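Here is the structure we will look at, set down as C-alpha cells.
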Amino acid sequence: MIPEGDYRTSARILVLAPDDTVLHVGGNRCREGVERWFTPGGGVEDGEDLAAEPVDLGGSYGPWFVA
Numbered sequence: 003m004i005p006e007g008d009y010r011t012s013a014r015i016l017v018l019a020p021d022d023t024v025l026h027v028g029g030n031r032c033r034e035g036v037e038r039w040f041t042p043g044g045g046v047e048d049g050e051d052l053a054a055e056p057v058d059l060g061g062s063y064g065p066w067f068v069a
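One rule links them: number in my numbering = place in the sequence shown (from 1) + 2.
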C-alpha cells in the first residue's frame, strides 16, 4: 500500500564503464556530515521523454553514447 502524500515521477540510470564499474554520484545534501552515494537521475516533468533522459544527463555528468 502506498502512503498518502505528494509524489513526483523520477528516473535513474545505471552508467556502466567497460570494466563493469558503475558511476555513482556522491553528496551530503540530505544530512550535513553524512555522505550518500546514488545513481544519476532526478525528477521528470510531465511530457518529458524518458528515453531522452540519459542523453540529457550527458550535459551534467559527461558525454557518452546511447545505442
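Built from N, CA and C at the ideal position, the CB exists for glycine as well. Since the structure is predicted, the reported quantities are computational estimates derived from the model, not experimental observations.
Counterpart residues of residue i in DSSP-defined beta bridges
i: G45; result: S12
i: V24; result: L18
Whole-number beta carbon distance between residue j and residue i, since they are thought to touch under 8 Å
i: T41; j: L18; result: In fact, because the Cβ distance is near 11 Å, the residues do not count as touching under 8 Å.
i: R38; j: G45; result: With 8 Å as the limit, R38 and G45 do not qualify as a contact, their Cβ atoms being about 17 Å apart.
Within 8 Å, strictly: CB atoms of residue i and residue j
i: V43; j: R14; result: For clarity, residue 43 is Gly in the given sequence; the question names Val instead. Contact: yes.
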